[in-house]
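Chemist: Heads up, my numbering is the position in the sequence shown plus 242, with the first residue counted as 1. Take this structure, written in structure tokens, and hold onto it; I'll ask about it next.
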Amino acid sequence: MKIRGHEQVIIYVLILKDCVRRRVMKSVIANPFCSETAAKDAMEAVWDVCYNDTKPFDRAP
């Protein structure tokens with residue numbers, strides 16, 4: 243099965259988001275005072291704002 247160019251970009255973006263989510267969870271769960279449930283709830287609450295924030299850059303580096 244051959245993947246076309248635009249499909250590669252979509253797959254990359256989805257993999258990148260999963261990677262960022264996984265790293266956020268690992269970071270927050272490392273706090274001994276934060277449960278996994280609380281970490282997931284906190285991440286979901288701020289995900290859209292934080293993931294799309296590129297400051298101080300004009301776009302994602």
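Quick reminder that beta carbons are idealized off the backbone N, C-alpha and C, glycines included.
Would you identify the three-state DSSP class for T296, choosing helix, strand or coil?
Modeler: Here residue 296 refers to the residue found at position 54 when the sequence shown is read from its first residue. Correct three-state label for T296: coil.
Chemist: Among residues of its own chain, excluding the 5 on either side of E262, which ones have a beta-carbon nearer than 7 angstroms to its beta-carbon?
Modeler: Counting from 1 along the sequence shown, the entry for residue 262 is found at position 20. First, the amino acid is wrong: residue 262 is Val here, not Glu. If we look at V262 and ignore the five residues flanking it on each side, its Cβ neighbours are Y293.
Chemist: Rounded to a whole number of angstroms, what is the C-alpha to C-alpha distance between T279 and F299?
Modeler: Residue mapping note: residue 279 aligns to position 37 of the sequence shown, counting from 1. Residue mapping note: residue 299 aligns to position 57 of the sequence shown, counting from 1. Looking at the two C-alpha atoms, the distance is approximately 32 angstroms.
Chemist: For C276, which of helix, strand or coil comes out of DSSP?
Modeler: The count along the sequence shown starts at 1 and reaches residue 276 at position 34. C276 falls in the coil class under three-state DSSP.
Chemist: If you drop the 5 nearest sequence neighbours on each side, which residues of the same chain put their C-beta closer than 8 angstroms to that of K282?
Modeler: The residue labelled residue 282 in the question sits at position 40 within the sequence shown. Once the five neighbours on either side are set aside, the close Cβ partners of K282 are M267.
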